[in-house]
Amino acid sequence: MTMIKTSSWRILRNALQNFQRNIWLSLATTIIMTLTLIMTSFLYFLNVLGSEVLNTIEEKVDLSATFKDDIAEDQISIIAEDIRSRADVQEARVVTSEQALEDFRARHADDPFIEESLRELEKNPLPSTLFIIAADPRQYQTIASELETERYEPFIESVNFENSRTVIERLIAVMSGVRNIGLVTTVVLASLVIMIMFNTIRLAIYSFREEIDIMRLVGASNWFIRGPFIIEAVMVALLSVIVSTFVLYPVLETINPEVQRFFFSGQAEPFSIYSYALSHWTTVIGLEALLAVGLAVFSSLVAIRRYLR
Amino acid sequence: MISFSNVSKLYSEDGAALRSVTLKIPTGDFVSIVGQSGAGKSTLLKLLSAEERPSEGSIIIDGWDITQIKKWQVPYLRRQVGVIFQDFKLLPKRTAFENVAFAMEVGGAKTKEIRDSVPQILKLVNLLEKAEMYPNEMSGGERQRVSIARALAYKPQILLADEPTGNLDALHSWDIVQLLIKINKLGTTVLLATHNDDVVNALKKRVVTLSKGQVVSDQEAGTYKL
Ligand SMILES: Nc1ncnc2c1ncn2[C@@H]1O[C@H](COP(=O)(O)OP(=O)(O)OP(=O)(O)O)[C@@H](O)[C@H]1O
Ligand SMILES: [Mg+2]
Chain Z
1 MTMIKTSSWR ILRNALQNFQ RNIWLSLATT IIMTLTLIMT SFLYFLNVLG SEVLNTIEEK
61 VDLSATFKDD IAEDQISIIA EDIRSRADVQ EARVVTSEQA LEDFRARHAD DPFIEESLRE
121 LEKNPLPSTL FIIAADPRQY QTIASELETE RYEPFIESVN FENSRTVIER LIAVMSGVRN
181 IGLVTTVVLA SLVIMIMFNT IRLAIYSFRE EIDIMRLVGA SNWFIRGPFI IEAVMVALLS
241 VIVSTFVLYP VLETINPEVQ RFFFSGQAEP FSIYSYALSH WTTVIGLEAL LAVGLAVFSS
301 LVAIRRYLR
Chain L
1001 MISFSNVSKL YSEDGAALRS VTLKIPTGDF VSIVGQSGAG KSTLLKLLSA EERPSEGSII
1061 IDGWDITQIK KWQVPYLRRQ VGVIFQDFKL LPKRTAFENV AFAMEVGGAK TKEIRDSVPQ
1121 ILKLVNLLEK AEMYPNEMSG GERQRVSIAR ALAYKPQILL ADEPTGNLDA LHSWDIVQLL
1181 IKINKLGTTV LLATHNDDVV NALKKRVVTL SKGQVVSDQE AGTYKL
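Protein sequences appear in the order of chains Z and L. Residues 1 to 309 (our numbering) are what the first sequence spells out, left to right. Residues 1001 to 1226 (our numbering) are what the second sequence spells out, left to right.
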């Protein structure tokens, strides 16, 4: 046991020496590895953000139908009841034109210009509207089509649904575009990491070949000879995880207000990517460490298999 | 006890470096192995340190059949079989002390053990006062003594010396041979492959002569003749 402890300590020390002897190469590897990790984390957060944005938009999808000007309130109630009774409709709420005007007034109470303009109007310009929430977001299309049939044609001016759907589709397209670019970049960076690590270790093995031959001669175990090269690679990996974490979190904290303003404006409790990263730090750092150590072990094992017999 | 039974070694199809060598070397023996260049002396020693594997036959050291030794077992064999060479194979950037300590570190010895043992071993080879010198500051004989000290780091049962005096003048050669005798007296089996007839004749120990890979003579208290 103590022998294993002593050996492990020496292997660690040798790994540190390797790192120091090739300090510039080690630092270069660390930088590329860090970039890879930041890129991967970026992809991860993009995914989180994407699904979060889609969620809020789905919640926000308000299928609405505006009634023609002269439809009686009784008629409106009947239609509302009709729609409400459908199985795929969770809620159907009527906002009459009077109510809409009142709301509008209330919202702009401190704007004298709007106040003035409204007073000059003889007729209420706002239509009565039926707001519909589907039981399942996928059912909006069906409900919208129903409202567009001849049956409702005499009463309904327009069905407002297309807009938000195109927004969702456009958003999905943009997100998947960004994700593809990110994926390609990550793959390129990861390959670069493997190449650089592989070559760093190849050089190290070459410059230590005399020592390695003599180690073999005097009965060094394989682990004693190979260990330092693998440990050195893992040390670079862990260093990269630390550096990328120290870059990532401040960046997230800085961009968070912008992200919130852009995607989640007007929400009482807007989603915060920074708080998400903080509360999921074990996942974030764990995934980074898994990727980094995986890349390091893979490239060092390949180099060792090739150049250390 | 080292025992070779019908050991052959073929590096390639067209010629055997060793042919059906059968040889028994009791523990504590001192054996000189002589023969012309290419006779197979180095090959014989390399089989014992598992640097090479025999093509046929079996080699048994103290009941341990090393013929089919697994790769992971080789380091354990090497710690029982010390080796020294004509070209010393010392680490140039390490002092005499560090070269010996290096071998002990590799074997997992504790730091305190190393600090205690290395001076003792260096004293045995009469180099204690040069412990802090680097190989290029030492004479050939001194370097060979460092390499012997390193080979002794594990207190091996067997010491293989492949032309250890090949690069040394007569005086230094004799120095090294004296040291090998001393180590042998302490209980280590010594196999000495050499071209040096003066050394062999002065030793008056067992001599095994190889020719074209075969044992052609095996004499107690023998002399060098080809
Ligand atoms: N690695 C190798 N590959 C192929 N052939 C080899 C190898 N090592 C040795 N040989 C051949 O095996 C034969 C015996 O070589 P060995 O080195 O054992 O001779 P030796 O008795 O030690 O000679 P010397 O006195 O010159 O050191 C020689 O013919 C040599 O060419
Ligand atoms: Mg030879």
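Beta carbons: idealized from backbone N, C-alpha and C, even for Gly. In this text the structure is predicted, and so the values were computed from the model without any measurement.
List, in order along the chain, the chain L residues whose C-beta lies closer than 7 Å to that of residue i?
i, result
"Ile214(Z)", "Lys1089 and Leu1091"
"Ala220(Z)", "Pro1075 and Val1106"
"Arg10(Z)", "Glu1105"
"Phe224(Z)", "Val1106"
Out of the options, state which residue places its alpha-carbon closest to the alpha-carbon of residue i.
i, options, result
"Gly1038(L)", "Ser1211(L), Leu1168(L), Ala1221(L) and Glu1220(L)", "Ser1211(L)"
"Arg209(Z)", "Asp1087(L), Lys1041(L) and Leu1091(L)", "Leu1091(L)"
"Gln1036(L)", "Thr1027(L), Arg1053(L) and Ala1017(L)", "Ala1017(L)"
"Glu272(Z)", "Arg21(Z), Thr56(Z), Val293(Z) and Met33(Z)", "Strictly speaking, residue 272(Z) in this sequence is Ser, with Glu absent from that position. Looking at the Cα atoms, Thr56(Z) is the closest of the given residues."
"Ile132(Z)", "Asp82(Z), Val174(Z), Arg105(Z) and Pro125(Z)", "Asp82(Z)"
"Arg1019(L)", "Asn1201(L), Asn1099(L) and Pro1054(L)", "Pro1054(L)"
"Ala289(Z)", "Val243(Z), Leu63(Z), Asn199(Z) and Lys5(Z)", "Val243(Z)"
"Arg105(Z)", "Asn222(Z), Tyr274(Z), Trp281(Z) and Arg119(Z)", "Arg119(Z)"
"Thr40(Z)", "Val297(Z), Lys123(Z), Ile285(Z) and Asn222(Z)", "Ile285(Z)"
"Glu73(Z)", "Val247(Z), Arg202(Z), Met215(Z) and Gln99(Z)", "Gln99(Z)"
"Thr34(Z)", "Ile194(Z), Leu301(Z) and Arg216(Z)", "Ile194(Z)"
"Met175(Z)", "Phe262(Z), Ile78(Z) and Ser51(Z)", "Ser51(Z)"
"Leu46(Z)", "Ile212(Z), Tyr276(Z), Val188(Z) and Ser240(Z)", "Tyr276(Z)"
"Asp1198(L)", "Val1215(L), Gly1187(L) and Leu1171(L)", "Leu1171(L)"
"Val53(Z)", "Ser265(Z), Leu295(Z) and Thr283(Z)", "Ser265(Z)"
"Ser221(Z)", "Val1034(L), Lys1071(L), Leu1186(L) and Tyr1011(L)", "Lys1071(L)"
"Tyr1154(L)", "Thr1111(L), Thr1067(L), Arg1079(L) and Ala1050(L)", "Arg1079(L)"
"Ile1114(L)", "Lys1093(L), Ala1149(L) and Met1138(L)", "Ala1149(L)"
Should residue i and residue j be called a contact, given that it needs their Cβ atoms to be closer than 8 Å?
i, j, result
"Gly1082(L)", "Pro1164(L)", "no"
"Ser1032(L)", "Lys1205(L)", "yes"
"Thr186(Z)", "Thr36(Z)", "yes"
"Glu1105(L)", "Arg10(Z)", "yes"
"Phe1085(L)", "Asn1184(L)", "no"
"Asn1126(L)", "Arg1143(L)", "no"
"Gly1040(L)", "Asn1006(L)", "no"
"Ala1103(L)", "Val218(Z)", "yes"
"Asn22(Z)", "Pro228(Z)", "no"
"Leu1122(L)", "Phe1088(L)", "no"
"Val159(Z)", "Glu150(Z)", "no"
"Leu962(L)", "Ile1158(L)", "In the structure as shown, chain L begins at 1001 and stops at 1226. Residue 962(L) is therefore absent and cannot be evaluated."
"Ala80(Z)", "Val95(Z)", "no"
"Ile32(Z)", "Leu192(Z)", "yes"
"Leu1045(L)", "Leu1179(L)", "no"
"Thr6(Z)", "Thr200(Z)", "no"
"Ser64(Z)", "Ser97(Z)", "no"
"Leu43(Z)", "Gly182(Z)", "yes"
"Val1021(L)", "Val1216(L)", "no"
"Ser145(Z)", "Ala233(Z)", "no"
"Lys68(Z)", "Glu157(Z)", "yes"
"Val297(Z)", "Ile38(Z)", "no"
"Ala292(Z)", "Val241(Z)", "yes"
"Val1118(L)", "Val1100(L)", "yes"
So with CB distances below 8 Å, who are the chain L contacts of residue i?
i, result
"Ser7(Z)", "Gly1108"
"Leu203(Z)", "Ordered by position in chain L, no residue passes the 8 Å Cβ test against Leu203(Z), which lies about 18 Å from the chain."
"Phe229(Z)", "Within chain L, no residue comes near Phe229(Z); the closest Cβ sits about 15 Å away, beyond 8 Å."
"Glu211(Z)", "Leu1091"
Using a Cβ cut-off of 8 Å, pull out every chain Z residue sitting near residue i, in sequence order please.
i, result
"Trp1072(L)", "Ser221 and Asn222"
"Val1083(L)", "Leu217"
"Arg1150(L)", "Val218"
"Arg1206(L)", "Simply none; closest approach about 26 Å."
What in chain Z is Cβ-close to residue i, meaning under 7 Å?
i, result
"Arg1115(L)", "In chain order: nothing, as chain Z lies at least about 13 Å away."
"Arg1143(L)", "By Cβ distance, chain Z contributes nothing, its closest Cβ being about 14 Å from Arg1143(L), past 7 Å."
May I ask you to check if the CB of residue i is nearer than 7 Å to at least one heavy atom of ligand 4?
i, result
"Ser1217(L)", "You won't find ligand 4 in this model; what it holds is ligand 1 and ligand 2."
Would you mind telling me which residues of chain Z sit closer than 9 Å to residue i, beta carbon to beta carbon, in chain order?
i, result
"Arg1078(L)", "Arg216, Leu217, Val218, Gly219 and Ala220"
Next item on the list: Go through the residues and name those whose CB comes closer than 7 Å to any heavy atom of ligand 2, in chain order.
Entry: Lys1041(L), Ser1042(L), Asp1162(L), Glu1163(L) and Ala1193(L)
Check: Which runs of the alpha helix (DSSP H) spanning at least 4 residues fall entirely within the region 61–116 of chain Z, listed in chain order?
Finding: 73–84 and 97–107
Item checked: Uninterrupted beta strand (DSSP E) stretches inside the region 1036–1123 of chain L (no shorter than 3 residues) -> 1056–1061 and 1081–1085
Note to self: Quick check for students: name the residue ranges of the beta strand (DSSP E) that lie wholly in the region 1145–1187 of chain L, counting only runs of 3 or more.
What the structure shows: 1158–1162
Margin query: Quick check on the DSSP output: what are the complete alpha helix (DSSP H) runs of length 4 or more inside the region 150–232 of chain Z, in order along the chain?
Written below: 162–207 and 209–217
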